[in-house]
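Chains as they are written, first to last, in our numbering: chain R, 84 to 197; chain C, 18 to 161. Cβ coordinates follow ideal geometry from the N, Cα and C atoms, glycine included. To start, the structure itself, in structure tokens.
Written out as structure tokens, the structure reads:
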């Protein structure tokens, strides 16, 4: 299953629920498109829910990094929560785990934007 | 097919330079890794290494050229599970690939594929293929 993305608002935080595979092709381009649209519409607090991401490759990791810098360059913040062990391991071995602000739970992550 | 070196051929096939081929080869080699007796974490690692290698071959090597193919060979011996992936591209100098863990590269969009192959396999060899292209050999030791 390629990636599915759903966007919702929790207070002033935009939560993007991502599910499926974020890999080169549809999955990574869908994530890129959503994040660009959010930045273009002025969203400054973006939270990616990755709890249903079943697979991510280097292209998907690249899109997470690009999203992080795109949101930051627009004066906003992108955070992550709900990482599966697999995604967490990948971010750790690529030294990206400490770059992102990563949370275990949505409520905690949303509060951290305040 | 068994060879005089005691290894068993599992897969030996050409694939078109498409992302669909990446998915097909990843799935086929994952199945072979299961049959070879690798555990779940090792299977995932092998699958990811193969995927990254196939993407490099299709995207950077053959540049999606449908007149070029990616050759995949998988063999199993008493001690090793070996995947060879060969493209028909212009080749590259491994020493010129930036270190993705260097602080100046951590936030780069791309350039992690070869690193991830090395992270999940026991050995990764990159060799110039004849008459052209690059052959990458991914090896994983089998539990004795």
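Closest to residue i by CA distance: which of the options is it?
i: residue 101(R); options: 184(R), 110(R), 94(R); result: 110(R)
i: residue 139(R); options: 59(C), 77(C), 73(C), 68(C); result: 68(C)
i: residue 89(C); options: 102(C), 80(C), 97(C), 95(C); result: 102(C)
i: residue 133(C); options: 60(C), 34(C), 65(C); result: 65(C)
i: residue 99(R); options: 108(R), 126(R), 171(R), 175(R); result: 126(R)
i: residue 120(C); options: 160(R), 182(R), 168(R); result: 182(R)
i: residue 158(C); options: 82(C), 97(C), 43(C); result: 97(C)
i: residue 49(C); options: 37(C), 58(C), 63(C); result: 63(C)
i: residue 187(R); options: 175(R), 176(R), 177(R), 162(R); result: 162(R)
i: residue 106(R); options: 86(R), 119(R), 195(R); result: 86(R)
i: residue 146(C); options: 110(C), 117(C), 118(C); result: 110(C)
i: residue 85(C); options: 55(C), 151(C), 34(C); result: 34(C)
i: residue 40(C); options: 51(C), 104(C), 56(C), 72(C); result: 72(C)
So what does residue i bridge to, in DSSP terms?
i: residue 32(C); result: 87(C)
i: residue 89(R); result: 100(R)
i: residue 98(C); result: 93(C), 157(C)
i: residue 163(R); result: 131(R), 185(R)
i: residue 152(C); result: 103(C), 144(C)
i: residue 138(R); result: 104(R)
Under 8 Å by Cβ, that's how I've got residue i and residue j pegged, so tell me the actual separation to the nearest angstrom.
i: residue 122(C); j: residue 128(C); result: 7 Å
i: residue 75(C); j: residue 46(C); result: The Cβ separation is near 15 Å, so there is no contact.
i: residue 108(R); j: residue 137(R); result: Not a contact, Cβ separation roughly 15 Å.
i: residue 38(C); j: residue 32(C); result: 4 Å
i: residue 180(R); j: residue 168(R); result: Their Cβ separation, rounded to whole angstroms, is 12 Å, which puts residue 180(R) and residue 168(R) out of contact at 8 Å.
Do residue j and residue i count as a contact pair if the criterion is CB distance below 7 Å?
i: residue 146(R); j: residue 164(R); result: no
i: residue 192(R); j: residue 130(R); result: yes
i: residue 155(C); j: residue 100(C); result: yes
i: residue 122(R); j: residue 90(R); result: no
i: residue 28(C); j: residue 178(R); result: no
i: residue 136(C); j: residue 176(R); result: yes
i: residue 148(R); j: residue 124(C); result: yes
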